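Chains as they are written, first to last, in UniProt numbering: chain A, 1 to 193; chain B, 1 to 193.
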């Protein structure tokens, strides 16, 4: 494929991609979603805007890719051999990621604007469908080990992520580690055979 | 107190108050938070704006009162004698309330704007501190009946409300009744003695 640059990790294409995605999140946090444009992101990243249009096409596609890259880098999928430890590591990393300025700005903007912006809503649904499936590995492995009875993994992950998201975004109550531990313990006890 | 109108339920003062609070939520849903003003609410309710300034002072205070009145009217605190049934009735009513156009607009606006608006953030925290305490009655009663061991009621209510709020506001996955039942069942099993 002569027209497509190679995407070796650490290659030039990968470095440009990483710079653009970071610029996208930074631009969103600074300018807000209404102020976000591929032109602005290109300027911030020091990249030609035609590169961005060719590669992502829309700001929603770029934002989806940026959030996905952040989550992949900062919320690794643990495999400790214990459901409780895996869920704790997962929710701690997820909430630390959500608490960063850039991710929080992206999530809060998506909550406010999704009802009025079909492309943004679809990007959000695509991210979460993929992400809950990836996170679900910790539940599937617990089932395979015989630690818990067979169960749909998605709602288990949502039972762990939902309460701290609710605190951080909605109620404003403190999301401290005690709360994360209590949330995970309640879910793990509920799943115990 | 000669300067304060009497507030018998159904009296003129109560009717004006109810009309103003409904107008506040409708105005927010139509005009957005940035377009919300006590003048606009007064016009919509057909009430003199000085009445609103005297009684609420700010749009945040009026909004807090409006959300509180909605929750009190539409999310009654059940007392069926069973924790599972009480939590189910509570979460079904809470999510039906959240799914209305007016409440959803208020909550989404609060999520987006709270980090930049201290008065709005404080109104949100005040609402939730009060509301989680009120909702917690179903957990306190289950403890008193000996149905579950003593437990902090707030996090139990958050474990039930958090996942459907997360779906409705963040992931966009469908909040159907099966999901509410599964969420409540997981929590109740986690609390079983």
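Think of the CB as a built atom: it goes at the ideal place given N, C-alpha and C, for glycine as much as any other residue.
Given the structure is predicted, the values throughout are model-derived calculations rather than measurements.
For the alpha helix (DSSP H) that residue 77(B) lies in, which residues bound it at each end?
No alpha helix (DSSP H) holds residue 77(B); DSSP gives it neither H nor E.
When the cut-off is 7 Å and only beta carbons count, does residue 165(A) lie next to chain B?
Yes, contact with chain B.
What number of angstroms, rounded off, separates the C-alpha of residue 61(B) from the C-alpha of residue 11(A)?
One C-alpha to the other measures close to 55 Å.
Taking C-alpha atoms, which residue in 88(A), 98(A), 157(A) lies nearest to residue 73(A)?
Measuring from the Cα of residue 73(A), the nearest candidate turns out to be 98(A).
Excluding the 5 residues preceding and the 5 following residue 40(B) in the sequence, name in chain order all residues of the same chain whose CB lies nearer than 7 Å to its CB.
Hits under 7 Å: 27, 31.
With 7 Å as the threshold, decide whether the Cβ of residue 2(A) is near any Cβ in chain B.
Unreliable placement is indicated for residue 2(A), whose pLDDT of 47 sits below 50; no coordinate value is reported for it.
Would you list, in chain order, the members of the segment 59-75 of chain A that have their beta-carbon closer than 8 Å to a beta-carbon of chain B?
Hits within the stretch: zero.
Can you tell me where the alpha helix (DSSP H) holding residue 97(A) begins and where it ends?
83-98 is the extent of the alpha helix (DSSP H) around residue 97(A).
Which whole runs of the beta strand (DSSP E) in the segment 126-167 of chain B are 3 residues long or more, in chain order?
Fully enclosed beta strand (DSSP E) runs of 3 or longer: not present.
Contact between the segment 159-171 of chain B and the segment 162-169 of chain A is defined here as three or more beta-carbon pairs at a separation below 8 Å; is this criterion met?
The count of Cβ pairs closer than 8 Å, one atom from the segment 159-171 of chain B and one from the segment 162-169 of chain A, reaches three, so the stretches are in contact.
If you compare alpha carbons, which of 93(B), 115(B), 68(B) is closest to residue 78(B)?
Residue 78(B) has its Cα closest to that of 93(B), out of 93(B), 115(B), 68(B).
I'd like the span of the alpha helix (DSSP H) that includes residue 53(A), first residue to last.
Residues 49-55.
For residue 103(B) and residue 83(A), the rounded distance between their alpha carbons
Distance from the CA atom of residue 83(A) to the CA atom of residue 103(B), rounded to whole angstroms, is 37 Å.
Does the distance from the CB of residue 134(B) to the CB of residue 160(B) come in under 7 Å?
Against a cut-off of 7 Å, the Cβ pair of residue 160(B) and residue 134(B) comes out as no contact.
Is the distance from the Cβ of residue 101(B) to the Cβ of residue 19(B) below 7 Å?
With respect to residue 19(B), residue 101(B) sits apart: the two C-beta atoms are not nearer than 7 Å.
If we count Cβ pairs, one from each stretch, closer than 8 Å, do we get three or more for the segment 117-133 of chain A versus the segment 120-134 of chain B?
Flag = no, the segment 117-133 of chain A and the segment 120-134 of chain B do not touch.
Amino acids of chain A, ordered along the chain, whose beta-carbon sits closer than 7 Å to that of residue 118(B):
Within 7 Å Cβ-Cβ: nothing; residue 118(B) doesn't reach chain A, min ~11 Å.
Taking residue 59(B) as the reference, give the member of 85(B), 24(B), 91(B) with the closest Cα.
Taking the Cα of residue 59(B) as reference, the smallest distance to any Cα among 85(B), 24(B), 91(B) is reached at 24(B).
Min CB distance residue 136(B) to chain A below 7 Å
No, no contact with chain A.
Going along chain A, which residues have a C-beta under 9 Å from residue 175(B)?
Those do not exist, as residue 175(B) stays about 11 Å from chain A at its closest Cβ, beyond 9 Å.
Got a sec? Which residues, its chain only, sit under 8 Å from residue 180(B) by beta carbon, not counting five neighbours each side?
These residues qualify, in order along the chain: 88, 91, 92, 95, 164.
So residue 190(A) contacts chain B; which residues on that side make the cut at Cβ distance below 7 Å?
Neighbours of residue 190(A) in chain B, taken as residues at a C-beta separation under 7 Å, are given in chain order as 186, 187, 189, 190.
May I have the straight-line CA-CA distance separating residue 71(A) from residue 65(A), to the nearest angstrom?
Near 10 Å, if we compare the C-alpha coordinates of residue 65(A) and residue 71(A).
Under 7 Å between the Cβ atoms of residue 21(A) and residue 69(A)?
Judged by beta-carbon spacing, residue 69(A) lies within the 7 Å limit of residue 21(A), meaning their Cβ atoms are closer than that value.
Only counting the same chain, and skipping five residues up and downstream in sequence, which positions put a Cβ closer than 6 Å to that of residue 55(B)?
If you ignore the 5 residues before and after residue 55(B), its C-beta comes within less than 6 Å of no other C-beta in its own chain.
For chain A, find out if any of its Cβ atoms is closer than 7 Å to the Cβ of residue 193(B); answer yes or no.
No - not a single Cβ of chain A is within 7 Å of the one on residue 193(B).
Listed in chain order, which residues of the segment 91-114 of chain B have Cβ atoms closer than 9 Å to some Cβ of chain A?
Correct list: 104, 105, 107, 108, 109, 110, 111, 112, 113, 114.
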